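What follows is a set of notes on a single structure, which appears directly below.
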């Protein structure tokens with residue numbers, strides 16, 4: 001009565017991967033929004049690390065006793081990272097994956113660099129996913145913050161960060177997530193076309209280092225055909241419940257995890 | 001390039017519902033662990049309310065400005081309720097669902113009754129999901145707590161609560177979730193067979209009031225064939241990331257949302 005077999009359980013748990021496939025299946029006239037070549041294979045026992053800013057942070061606990069425990073909700077926060085982790089841990093219950101989050105709200109790429117030894121290299125991730133860039137432009141748009149960053153600085157620092165990472169961790173599998181905004185809330189016309197340059201820079205970083213690129217902007221551009229921008233991110237930057245859930249599905253699909 | 005059509009988007013977002021179907025598809029020799037008859041149909045614009053104890057609460061904000069905003073992560077907490085909400089809001093972006101959580105950690109069924117006017121009836125839910133019972137037995141097992149509850153009291157109070165709800169909200173669609181435990185952490189042999197009586201009582205409440213019953217115990221009994229109990233709930237009571245994600249998928253499937 002209360003039985004189902006392993007095959008059915010695994011079918012069930014392949015959910016996001018299987019069904020999200022359709023997110024990239026387009027009509028014949030359309031190309032997929034997901035890249036077809038680079039796919040991350042997450043192997044048994046591997047360490048997955050999510051890095052970034054507030055979107056990744058999503059209220060995660062800074063308490064070391066929580067943050068240092070793999071797969072633990074308080075340490076993983078309330079955003080796409082935890083949602084993706086939860087799904088992975090359902091999909092692959094016996095694979096002993098160890099998933100961490102070290103996103104910090106407000107951070108720009110140079111601030112990742114400042115804490116990279118402790119918050120990335122020391123954790124020895126097998127799979128490293130980075131989502132960074134929205135503050136690099138946002139803080140430069142706010143005269144009160146006196147931040148003088150440019151897209152050239154962003155790209156230079158991002159390249160350097162990835163090079164440093166590959167030197168320390170030659171076997172790391174890298175996932176570069178596209179910075180994104182929704183056109184609502186804090187996101188006004190003054191963000192454009194500059195913001196598009198940051199997205200392009202992130203894509204160049206991904207391509208140069210053969211990383212998997214997760215095109216979140218393309219995803220949200222598609223999503224707003226079905227509900228207004230505010231449904232996905234009230235302030236245009238921080239995803240809603242729906243936005244975070246969509247990101248998690250899309251991330252899992254993009255990395256083939 | 002960045003296009004996909006509505007049909008593909010909706011296919012993508014039907015993920016959990018579609019793929020979790022397999023969670024209830026068993027071999028010919030096996031019966032489904034999900035009931036086949038009662039299915040909740042959540043209609044456009046409806047209010048969904050999650051009620052219960054710490055498993056539902058999952059760290060949700062008590063700040064009224066957060067808790068009273070529908071679909072808002074801080075108000076929905078970090079558990080299965082938020083995960084199910086996030087998925088629903090991805091699946092049905094244009095349907096203007098309004099989802100709330102009013103679980104409170106530590107609560108037993110009589111404590112739900114004490115706050116039912118404010119925390120349930122006043123919210124006028126169209127769909128009400130209740131998960132309650134683990135503290136009703138747990139607190140009775142702890143001599144320090146001096147709680148004298150029994151399964152008879154649990155069932156009597158639960159029936160009364162549901163009757164009161166149906167009187168105030170005759171059209172409410174009711175979802176009764178099965179209390180569950182994993183055999184690890186705080187859950188020792190002394191819980192049994194008494195705990196099974198609480199599960200059976202919850203099932204009788206569901207059946208008597210024609211509610212959809214979500215058999216979480218059956219789900220976890222199946223899940224432990226694929227990873228140890230601790231993978232799903234470290235202390236045997238509170239779901240891990242994986243446990244909460246599995247619950248959300250299963251809840252969505254069970255209620256047909």
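Chains as they are written, first to last, in this note's numbering: chain A, 1 to 257; chain B, 1 to 257. In this text, a Cβ means the ideal position worked out from N, Cα and C, and glycines have one as well. Owing to the predicted nature of the structure, the values given are computational and were not obtained by experimental measurement.
- Message: Alpha carbons only, please: which of A:151, A:76 and A:92 is nearest the one belonging to residue 193 of chain A?
- Response: A:151
- Query: How big is the Cα-Cα spacing for residue 206 of chain B and residue 195 of chain A?
  - Reply: 53 Å
- Message: Between the alpha carbons of residue 156 of chain B and residue 162 of chain B, how many angstroms are there, rounded?
- Response: 10 Å
- Item | Beta-carbon neighbours of residue 205 of chain B, restricted to chain A and to distances below 8 Å | Here the premise fails: no neighbours, minimum Cβ distance about 20 Å.
- Query: residue 89 of chain B versus chain A: which residues are under 8 Å apart at the beta carbon?
  - Reply: 231, 240, 241, 242 and 245
- Message: the ligand COA and residue 175 of chain B: does the residue's C-beta get closer than 6 Å to at least one heavy atom of that ligand?
- Response: The model depicted lacks the ligand COA and carries no ligand whatsoever.
- Message: Using a Cβ-Cβ cutoff of 9 Å, what residues of the region 61-89 of chain A are near chain B? List them in chain order.
- Response: 71, 72, 73, 74, 76, 77, 78, 79, 82, 83, 85, 86, 87, 88 and 89
- Cβ distance (whole Å) where residue 69 of chain A is taken to contact residue 129 of chain A below 8 Å: 19 Å between Cβ atoms; not a contact.
- Query: From residue 53 of chain A to residue 180 of chain A, what does the alpha carbon distance come to, in whole angstroms?
  - Reply: 12 Å
- Distance, residue 235 of chain B Cα to residue 95 of chain A Cα: 21 Å
- Measure the Cβ-Cβ separation of residue 242 of chain B and residue 40 of chain A and say whether it is below 7 Å. no
- Message: Using 8 Å for Cβ pairs, my map puts residue 142 of chain B next to residue 198 of chain B. What's the rounded Cβ distance?
- Response: Actually they do not touch by this definition, with Cβ atoms about 15 Å apart.
- Task: Note the first and the last residue of the continuous alpha helix (DSSP H) segment covering residue 137 of chain B.
- Result: 134-141
- Completely contained beta strand (DSSP E) runs for the region 67-148 of chain B, where each covers 3 or more residues: 98-101 and 127-131
- Item | Beta carbon of residue 84 of chain B nearer than 7 Å to that of residue 232 of chain B | no
- Length of the line joining the Cα atoms of residue 225 of chain A and residue 219 of chain A: 11 Å
- Please determine, among A:249, A:255 and A:168, the residue with the shortest C-alpha to C-alpha distance to residue 121 of chain A. A:168
- Task: To the nearest angstrom, report how far apart residue 228 of chain A and residue 244 of chain B are at their CA atoms.
- Result: 28 Å
- Inter-residue CB distance, residue 139 of chain B and residue 108 of chain B (contact presumed, cutoff 8 Å): 7 Å
- Message: Please report whether the beta-carbon of residue 254 of chain A lies at a distance below 7 Å from any beta-carbon of chain B.
- Response: no
- For residue 94 of chain B, go through chain A and note every residue whose CB falls closer than 7 Å to its CB, in chain order. 226 and 227
- Look up residue 177 of chain A in the DSSP assignment and give the residues it is bridged to. A:131 and A:214
- Task: Flag this pair as yes or no: are the beta carbons of residue 105 of chain A and residue 63 of chain A separated by less than 7 Å?
- Result: no
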